[in-house]
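Scroll down for the structure; my scribbles are underneath it.
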């Protein structure tokens with residue numbers, strides 16, 4: 143698990159375009175030796191990369207994993223793509239952890255978001 147503090151579950155904010163996203167969808171194999179540790183290490187690495195904006199992740203009950211990583215510019219994305227530890231993890235993923243995956247990289251030209259204001263009288267209000 144990552145050593146970074148856990149925040150409440152919220153999507154990555156809507157940044158001012160342009161920026162880049164890498165959408166990584168996966169189906170894992172039964173063999174997951176060291177996957178969690180490697181994933182945590184990669185999260186620790188990417189979070190310190192200049193130009194890294196954040197990550198959203200979801201897992202379906204059927205096993206489809208979806209990770210969306212956000213980068214300020216193409217240079218930041220290239221730095222991550224060519225990072226030696228990331229490259230080694232990619233090779234291990236193909237050899238061991240993934241049954242299949244797809245990667246889509248796109249330039250974001252429009253972005254917006256919404257957050258419901260919390261009612262201060264709500265029983266769940268802090």
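Residue numbers (our numbering): 143 to 268. From the three backbone atoms N, C-alpha and C, an ideal C-beta is built for every residue, glycine too.
Quick check on this structure: which residue in 180, 236 and 199 has the alpha carbon closest to the alpha carbon of residue 152? Answer by Cα proximity: 199.
If you run the structure through DSSP and keep just helix, strand and coil, what is residue 259? Note: residue 259 maps to coil in three-state DSSP.
Counting along the chain, where does the beta strand (DSSP E) carrying residue 170 start and finish? Start and end: 161 to 170.
Return helix, strand or coil for residue 174, following the three-state DSSP convention. Here residue 174 sits in coil by DSSP.
Nearest-angstrom Cβ-Cβ length linking residue 160 and residue 227, presumed shorter than 8 Å: With a Cβ gap of about 27 Å, residue 160 and residue 227 do not count as contacting.
Would you list the residues sitting across from residue 248 in a DSSP beta bridge? DSSP lists 163 as partners of residue 248.
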